[in-house]
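A.B. asks: Can you keep this structure in mind? I'll have questions shortly.
In the working numbering, the protein residues as written are 4 to 108.
As structure tokens, this is what we get:
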């Protein structure tokens, strides 16, 4: 069996926005990416394959990458936990919480 890894992202909704949670595991640090509300899904074509995407996909991309999201950036300077325009650091997990928060399968 190979060691394929995947990321799963759950989108939550609060009063005004959608958000995705994440963490920096070695630091047990909580992160939150804030997005405009996603109210409807549309279909997008990516190299001949159809996928469900938010109908307001350009707003989502702008929230993540800024107003210049269409301009290619150097990937060597991109850091997943700090380069996004919409990421917030929201605290740390307590030691007694950790075993129920972080699982490796």
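All residues carry an ideal CB built from backbone N, CA and C; glycine is no exception. Because the structure is a prediction, the values reported are computed rather than measured.
1. Could you check the C-alpha separation between residue 43 and residue 56 for me, to the nearest Å?
2. Ignoring anything shorter than 3 residues or poking outside the stretch 22-72, list the beta strand (DSSP E) runs there in chain order.
3. Using beta-carbon positions only, say whether residue 38 and residue 21 come within less than 7 Å of one another.
4. Determine, using beta carbons only, whether residue 59 comes closer than 7 Å to chain C.
5. Taking the alpha carbon of residue 34 as the point to measure from, which residue in 7, 66, 41 and 83 has its own alpha carbon closest?
6. Quick one: give me the first and last residue of the alpha helix (DSSP H) that residue 95 is part of.
7. Count the other CB atoms, across all protein chains shown, that sit within 10 Å of the CB of residue 36; report buried if there are 16 or more and exposed otherwise.
8. Ends of the alpha helix (DSSP H) at residue 104?
9. Report the option in 52, 26 and 17 whose CA atom is closest to the CA atom of residue 11.
C.D. replies: Walking through what the data contain:
1. Their backbone Cα atoms lie some 9 Å apart in a straight line.
2. 32-38, 44-49 and 52-57
3. yes
4. Structure shown: chain C not included; a single protein chain is present.
5. 83
6. Element bounds for residue 95: not the alpha helix (DSSP H) but the beta strand (DSSP E), 90-95.
7. buried
8. Residues 98-104.
9. 26
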